[in-house]
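Colleague:
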Amino acid sequence: MGALKYLEELQKKKQSDVMRFLLRVRCWELRQLNVIHRASRPSRPDKARRLGYKAKQGYVIYRVRVRRGGRKKPVPKGATYGKPTNQGVNQLKYQRSLKATAEERVGRRCANLRVLNSYWINQDSTYKYFEVILVDPQHKAIRRDPRINWIVNPVHKHREARGLTATGKRSRGLNKGHRYNNTKAGRRKTWKRHNTLSLWRYR
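In this note's numbering, the protein residues as written are 379 to 581.
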């Protein structure tokens, strides 16, 4: 087994003495740092490499923390103005994951980079901590590498904000099989296509 395989097996037993101590100490350290900050190297190199990270120029790791819990509806004094079915304020769940939120926040901070992927590193009662893998599309090491230079194309700008990363796709209802034709290519896109009358100019 390679060294990274040992790291992977360690991560699988998070309640072992080693991992409990390591996670607790790291969590304390992460609480002291800024909400979004650059990491010199991934804290889970095995996971980062599985998600596309390479220890070479052009690849960057950022850490971010996101507050856990539901999403309260931002309405003044709880006045939602509408039907009773839409009057909920408190127990509403955001339809995207905290990981997708983390990617979006880092992507907004590092607008010149492209978000490749992200993974969980820690959590406590208040926050979840993630590491986000970013790629510099201007760097020659990236532009000349046939495995990753697809991300240089301008259609991949802000993938994280459009639900195109791995975690973003999960909340879009995409799958194969019966009735998934209603969400194929995106729920709103399908709805718009079905509800738009398009006619030939000469008919």
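Heads up, the beta-carbon is just placed ideally off N, CA and C, and yes, glycines get one too.
Determine, using beta carbons only, whether K392 and L401 come nearer to each other than 8 Å.
Modeller: Along the sequence shown, one-based indexing puts residue 392 at 14. Along the sequence shown, one-based indexing puts residue 401 at 23. A contact, by the Cβ cut-off of 8 Å.
Colleague: State the CB to CB distance for the pair H517 and G436, rounded to an integer number of angstroms; the pair is presumed to be in contact (CB under 8 Å).
Modeller: The sequence position of residue 517 within the sequence shown is 139, counting from 1. The sequence position of residue 436 within the sequence shown is 58, counting from 1. Indeed, because the Cβ distance is near 4 Å, the residues count as touching under 8 Å.
Colleague: Along the chain, where does the beta strand (DSSP E) containing W498 start, and where does it finish?
Modeller: On the sequence shown, position 120 is the one that residue 498 refers to. Run containing W498: 492-501, per the beta strand (DSSP E) assignment.
Colleague: Just to confirm the assignment: which complete beta strand (DSSP E) runs, minimum length 3, are found wholly within the segment 472-544?
Modeller: Entirely contained in the segment 472-544, the beta strand (DSSP E) runs reaching 3 residues are, in chain order, 492-501, 505-513.
Colleague: Would you kindly check if the distance between the Cβ of A480 and the Cβ of S549 is under 8 Å?
Modeller: Taking the sequence shown and counting its residues from 1, one reaches residue 549 at position 171. Taking the sequence shown and counting its residues from 1, one reaches residue 480 at position 102. The answer is no: Cβ separation not under 8 Å.
Colleague: Quick one: grab the DSSP three-state call for V438.
Modeller: Walking along the sequence shown from the start, residue 438 turns up at place 60. Per DSSP, reduced to three states, the secondary structure at V438 is strand.
Colleague: Does DSSP put V413 in a helix, a strand or coil?
Modeller: Here residue 413 corresponds to residue number 35 of the sequence shown, with the count starting at 1. Note: V413 maps to coil in three-state DSSP.
Colleague: For V513, count neighbouring Cβ atoms within 10 angstroms of its own Cβ and tell me buried if that reaches 16, exposed if not.
Modeller: Translated into the one-based positions of the sequence shown, residue 513 becomes position 135. So V513 ends up on the buried side.
Colleague: Can you tell me the Cα-Cα spacing of Q465 and R449, whole angstroms?
Modeller: The residue labelled residue 465 in the question sits at position 87 within the sequence shown. The residue labelled residue 449 in the question sits at position 71 within the sequence shown. Going from the Cα of Q465 to the Cα of R449 covers about 14 Å.
Colleague: Are the CB atoms of E630 and P420 nearer to each other than 8 Å?
Modeller: The structure shown does not extend to residue 630, since the chain is modelled only from 379 through 581, so no value can be given for it.
Colleague: Do L494 and R441 have their C-beta atoms within less than 8 Å of each other?
Modeller: Along the sequence shown, read from residue 1 onward, the residue named residue 494 stands at position 116. Along the sequence shown, read from residue 1 onward, the residue named residue 441 stands at position 63. No, the Cβ-Cβ distance between L494 and R441 is not below 8 Å.
Colleague: Do you know offhand how far N490's Cα is from P452's?
Modeller: Locating residue 490 in the sequence shown gives position 112, counting from the first residue. Locating residue 452 in the sequence shown gives position 74, counting from the first residue. Cα to Cα, N490 sits roughly 31 Å from P452.
Colleague: Along the chain, where does the alpha helix (DSSP H) that runs through Q589 open and close?
Modeller: The question about residue 589 has no answer, for the chain in this structure spans 379 to 581.
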